[in-house]
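Residue numbers (the UniProt record's numbering): 1 to 227.
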């Protein structure tokens, strides 16, 4: 559940904090009252594309923060946060923050940990469904369906253990592949070694012949200097 939204320097908003109560909340107003600004701010903190033209005039950056009560979602979400190196939720509260500047830089945080926009957007899909003509819903994602089903069956720990074993298996398979020599390459190397051994054998080399060759070399060198 969305508990709090804070908006700073977005469109006409200088600094606004909106606290939402449990259950159903309705925000109404005439056209131009600012309802779309609130929805836009929520989309921003959930990872949607930022439009720099929405930064309030005379401000150089815009910030949106949101606090979510994720007590009922804590089990599947906790594994996701750990997987991406993010701080866990404290007392069931998930804190999101998004800042972007007129210069085009973006910064986003989850529970105080810096993260990527892609991760922020994926977390947003856990939290909110925006129902509109062209907006997607998280239940359309097979991966999200599986995570929810695992959470319902209390299968997070077996799933984590299975994932670790699968990763280890893949590592072993890769190590095995690195050790296996390509058969064609092995055959070529073996043929080359056999050919080299045969040439050495056919040459009938005499170890004592080295001294004779050295003496011949010295005589030839001296003869060249005398000439």
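Glycine included, every Cβ here is placed at the ideal spot set by N, Cα and C.
Would you call the stretch 24–31 and the stretch 40–49 touching, i.e. three or more CB-CB distances under 8 Å?
Not touching, per the Cβ criterion.
Which residues share a DSSP beta bridge with residue 68?
Position 68 of the chain shown, counted from the start, is the residue given in the question as residue 68. Answer is 2, 94, bridged to residue 68.
So what does DSSP say about residue 16, is it helix, strand or coil?
Here residue 16 is taken as the residue at index 16 of the chain shown, counted from 1. Strand.
With distances taken Cα to Cα, identify the nearest neighbour of residue 152 among 60, 72, 9.
In the chain shown, residue 152 corresponds to position 152, counting from 1. Nearest of 60, 72, 9 to residue 152, Cα basis: 72.
Within the same chain, show all residues whose beta-carbon is closer than 6 Å to that of residue 65, passing over the 5 residues directly before and after it, in chain order.
Along the chain shown, read from residue 1 onward, the residue named residue 65 stands at position 65. Counting only Cβ-Cβ distances below 6 Å, and skipping sequence neighbours, we find 6, 97.
Just reading off the alpha helix (DSSP H) that residue 36 is part of, what are its end residues?
The residue given as residue 36 occupies position 36 in the chain shown. Element bounds for residue 36: 35–45.
Below 8 Å on the Cβ atoms is my guess for residue 61 versus residue 102; work out the distance and round it to an integer in Å.
As a working note, residue 61 is residue 61 in the chain shown. As a working note, residue 102 is residue 102 in the chain shown. Residue 61 to residue 102, Cβ: 7 Å. Contact.
Could you round the C-beta distance between residue 13 and residue 56 to whole angstroms and report it? I think they count as a contact, below 8 Å.
For the purposes of this step, residue 13 is taken as the residue at position 13 of the chain shown. For the purposes of this step, residue 56 is taken as the residue at position 56 of the chain shown. Right, their Cβ atoms sit about 7 Å apart.
What does the Cβ neighbour count give for residue 162, buried or exposed, with the cut at 16 atoms within 10 Å?
On the chain shown, position 162 is the one that residue 162 refers to. Residue 162 is exposed by the Cβ-count criterion.
Can you check whether the CB of residue 67 is closer than 7 Å to the CB of residue 277?
Residue 277 lies beyond the residue range present for the chain, which begins at 1 and ends at 227; the question has no answer from this structure.
Could you give the uninterrupted runs of the alpha helix (DSSP H) lying entirely in the stretch 146–215, keeping only those of 4 residues or more?
156–179, 183–202
Spatial neighbours of residue 2 within its chain, please: CB distance less than 7 Å, with the 5 preceding and 5 following residues excluded, ordered by chain position.
Translated into positions along the chain shown, residue 2 becomes position 2. Within the same chain, 20, 66, 68 come within 7 Å of residue 2 by CB-CB distance, once the 5 residues on both sides are set aside.
Would you mind stating whether residue 156 and residue 79 have Cβ atoms separated by less than 7 Å?
Start at 1 with the first residue of the chain shown, and residue 156 comes out as number 156. Start at 1 with the first residue of the chain shown, and residue 79 comes out as number 79. The answer is yes: Cβ separation under 7 Å.
Using 7 Å as the threshold, is the C-beta distance between residue 11 and residue 37 below it?
Taking the chain shown and counting its residues from 1, one reaches residue 11 at position 11. Taking the chain shown and counting its residues from 1, one reaches residue 37 at position 37. Result yes, Cβ atoms of residue 11 and residue 37 sit closer than 7 Å.
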